[in-house]
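S.K.: Next up is a structure, given as structure tokens.
Number of protein chains: 2
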Amino acid sequence: MDLPVALLGGTGKLGPGLAMRFARAGVPVLVGSREAEKGVAAAGDINEKLRATLVDFVPVEGMDNAWAATRARVAVITVPFEGQAAMLPGLAESLAGKVVVSTAVPMRFDEVLGPVHVDVAEGSAAQQVAALLPKSSIAAGFHSVSSAELKKLSRSLDEHVVITGDDDDAKRTAMELVRLLPGARPVDGGRLHGARYSEQLTVLLLSVNAIYRTHSGIKLTNLPPDPQSEG
Amino acid sequence: MDLPVALLGGTGKLGPGLAMRFARAGVPVLVGSREAEKGVAAAGDINEKLRATLVDFVPVEGMDNAWAATRARVAVITVPFEGQAAMLPGLAESLAGKVVVSTAVPMRFDEVLGPVHVDVAEGSAAQQVAALLPKSSIAAGFHSVSSAELKKLSRSLDEHVVITGDDDDAKRTAMELVRLLPGARPVDGGRLHGARYSEQLTVLLLSVNAIYRTHSGIKLTNLPPDPQSEG
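Here it is, written out as structure tokens:
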């Protein structure tokens with residue numbers, strides 16, 4: 003895989019868990035934030051938590067998003083959907099020619115209905131990323147992975163992660179990132195157009211989570227064995 | 003559960019598999035078709051297949067949809083989405099006060115993208131059913147269950163079936179229907195609004211099926227044990 007991996011907006015919900023899991027897998031991680039100090043602080047916090055586990059890891063570095071985007075070979079967008087349209091245009095040149103993974107789920111909480119999906123003009127958060135980063139190669143995934151479960155480092159994830167994308171290299175890279183998470187198996191979900199289904203599935207999982215008081219994920223049944231993973 | 007169960011448009015893809023599984027579970031099934039002769043023929047065919055398995059079952063009966071809707075206590079709509087708007091208005095009075103389960107997935111095959119979801123004015127196939135049957139209690143589910151796997155009667159399904167609905171009784175009934183399928187576990191997916199996510203998930207599964215040459219289903223991870231099922 004092309005390294006290092008940037009987590010853009012990596013100080014939020016999904017970023018720290020991914021950073022810790024990737025760092026334990028030996029991957030150099032760059033945590034980007036809107037403000038450099040927050041990126042530095044988040045990286046310090048992550049490294050402290052990792053040291054406490056007494057398991058080997060590559061120390062995480064943190065700074066602002068522009069720094070992370072410039073130095074990275076692969077970037078994962080871990081900012082909430084509402085933030086990506088403001089963040090990405092300024093990073094488009096730094097991310098040109100690189101693989102960028104979209105993870106956002108456009109949603110809101112409705113008083114009556116609970117979690118509901120919010121329509122995106124481009125069709126999905128992932129397709130909005132593709133529109134904002136025309137020189138990058140886009141894949142989408144990690145939508146159904148619980149941030150809370152990701153942070154429980156002693157736990158194997160035991161779930162599948164559907165990856166969609168129109169660019170084979172981007173899709174392969176995103177699937178390699180999934181394989182860095184113990185117990186997780188990447189599943190090829192086809193074209194980037196399908197990211198909308200994967201994003202909306204997460205809204206359904208959030209309803210299930212509220213009812214069963216859990217952090218659910220998904221597994222697909224009847225898949226052939228994955229030759230490259232044990233998940 | 004209120005019996006018997008009608009399968010409206012039950013001669014299509016999903017109907018025969020459900021009919022056979024329900025009949026083996028001891029449930030009287032009424033297979034409805036647009037034409038009475040087709041309903042009769044489908045029931046005869048289903049009973050013949052069931053007899054060949056040498057396992058006990060309640061013989062399935064078949065006729066037209068109006069007959070099935072009138073005699074049933076619970077109805078499952080197993081006609082393709084394109085057919086339901088024409089079929090349901092004429093059955094609305096017969097289905098008044100009854101539980102009706104929506105299973106359709108609004109979709110089409112695109113030459114470039116493969117299977118794609120088709121937007122529904124009401125928000126989902128299930129919400130269209132609710133609009134067309136204002137005096138019935140609607141739940142939605144079975145979207146992700148493969149018709150092909152359902153027909154392999156010797157196979158346990160080993161999958162979860164997400165049920166959505168605004169009416170508790172309808173949801174409970176739909177979940178009981180899932181429990182009739184060996185190996186399947188119902189999962190409460192919240193309000194009927196969420197049927198759109200469950201319907202679209204199936205489009206994603208069809209892309210996965212094309213890539214992996216399989217008939218995939220889903221399981222949710224991290225759920226608490228289901229007190230009423232072994233699935």
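These protein sequence lines are chains D and A, in that order. Quick note, this note's numbering runs 2 ahead of the 1-based positions in the first sequence. Quick note, this note's numbering runs 2 ahead of the 1-based positions in the second sequence. Even glycine gets a Cβ: it sits at the ideal position worked out from N, Cα and C.
1) Just to confirm my understanding: we take residue 50 of chain A, look at its own chain, exclude 5 residues before and 5 after, and list those with CB closer than 7 Å. What are they?
2) Pairs of beta-carbons, one from the region 6 to 23 of chain A and one from the region 201 to 210 of chain D, closer than 8 Å: are there three or more?
3) Since residue 104 of chain D and residue 131 of chain D should fall inside the 8 Å C-beta cutoff, what is the C-beta to C-beta distance between them, to a whole number of angstroms?
4) In its own chain, which residues sit with a C-beta less than 6 Å from the C-beta of residue 63 of chain D, not counting the 5 before and 5 after it?
5) By the 10 Å Cβ neighbour count, where 16 or more other Cβ atoms means buried, how is residue 96 of chain A classified, buried or exposed?
6) Figure out for me which residue from D:118, D:165 and D:149 has the closest Cα to the Cα of residue 13 of chain D.
7) Could one say the Cβ of residue 224 of chain A lies closer than 8 Å to chain D's Cβ atoms, at least one of them?
8) Can you tell me whether residue 233 of chain D is buried or exposed, with buried defined as 16 or more other CB within 10 angstroms of its CB?
9) Tell me which same chain residues have a C-beta within less than 8 Å of the C-beta of residue 165 of chain A, skipping the five on either side of it?
10) Should residue 100 of chain D go down as buried or exposed, given a rule of 16 or more other Cβ atoms within 10 Å for buried?
11) For a test of the three-state rule: what should DSSP assign to residue 37 of chain D, helix, strand or coil?
12) Here's the rule I'm using: 16 or more other beta-carbon atoms within 10 Å means buried, otherwise exposed. How should residue 23 of chain D be labelled?
13) Kindly say whether residue 161 of chain A, judged by its beta-carbon, lies nearer than 8 Å to any beta-carbon of chain D.
14) Please list, in chain order, the residues of the region 116 to 141 of chain A that have any C-beta partner in chain D closer than 9 Å.
15) Going by DSSP, what residues sit across from residue 104 of chain A in a beta bridge?
16) Look at the alpha carbon of residue 71 of chain D and the alpha carbon of residue 160 of chain A, and state the distance between them as a whole number of angstroms.
17) Can you tell which of D:41, D:128 and D:55 has the C-alpha that lies nearest to the C-alpha of residue 79 of chain D?
18) Would residue 190 of chain D pass as an interface residue toward chain A - the criterion being a Cβ-Cβ separation below 8 Å?
M.R.: This is what the structure gives:
1) Within the second sequence, the letter at position 48 stands for residue 50 of chain A. Correct list: empty, nothing qualifies.
2) Two segments are said to touch when three or more pairs of C-beta atoms, one from each, lie closer than 8 Å; by this definition the region 6 to 23 of chain A does not touch the region 201 to 210 of chain D.
3) Against the first sequence, residue 104 of chain D aligns to sequence position 102. Against the first sequence, residue 131 of chain D aligns to sequence position 129. About 4 Å separates the beta carbons of residue 104 of chain D and residue 131 of chain D, which is inside the 8 Å limit, making them a contact pair.
4) Taking the first sequence and counting its residues from 1, the one referred to as residue 63 of chain D is at position 61. 32 and 45.
5) Residue 96 of chain A sits at position 94 when you count from the first residue of the second sequence. Counting the other CB atoms within 10 Å of its CB gives residue 96 of chain A a total of 16 or more, which places it among the buried residues.
6) Position 11 of the first sequence holds residue 13 of chain D. Checked all of D:118, D:165 and D:149; the closest Cα to residue 13 of chain D is D:149.
7) The residue given as residue 224 of chain A occupies position 222 in the second sequence. Closer than 8 Å: yes.
8) On the first sequence, position 231 is the one that residue 233 of chain D refers to. Unreliable positioning characterises residue 233 of chain D in this predicted model, as indicated by a pLDDT of 43, which lies under 50. The coordinate reading is nonetheless provided below. Buried is the call here.
9) Along the second sequence, read from residue 1 onward, the residue named residue 165 of chain A stands at position 163. Excluding positions up to five away in sequence, the list reads 141, 142, 143, 173, 176, 177, 180, 188, 189, 190 and 191.
10) As a position in the first sequence, residue 100 of chain D is number 98, starting the count at 1. Counting of Cβ neighbours within 10 angstroms places residue 100 of chain D among the buried residues, the total reaching 16 or more.
11) Taking the first sequence and counting its residues from 1, the one referred to as residue 37 of chain D is at position 35. Three-state result, residue 37 of chain D: coil.
12) Counting from one through the first sequence, the residue named residue 23 of chain D turns up at place 21. With 16 or more other Cβ atoms within 10 Å, it is buried.
13) As a first step, residue 161 of chain A must be located in the second sequence, where it is residue number 159. At least one chain D Cβ lies under 8 Å of residue 161 of chain A.
14) Look at the region 116 to 141 of chain A: the residues with a C-beta under 9 Å from a C-beta of chain D are 116, 117, 118 and 119.
15) Numbered from its first residue, the second sequence carries residue 104 of chain A at position 102. Beta-bridge pairing links residue 104 of chain A to A:79 and A:142.
16) Numbered from 1 along the first sequence, position 69 holds the residue referred to as residue 71 of chain D. Numbered from 1 along the second sequence, position 158 holds the residue referred to as residue 160 of chain A. If I take the Cα positions, the gap works out to 43 Å.
17) For the purposes of this step, residue 79 of chain D is taken as residue 77 along the first sequence, with counting starting at 1. The candidate whose alpha carbon is nearest that of residue 79 of chain D is D:128.
18) Residue mapping note: residue 190 of chain D aligns to position 188 of the first sequence, counting from 1. Interface with chain A (8 Å Cβ-Cβ cutoff): residue 190 of chain D is included.
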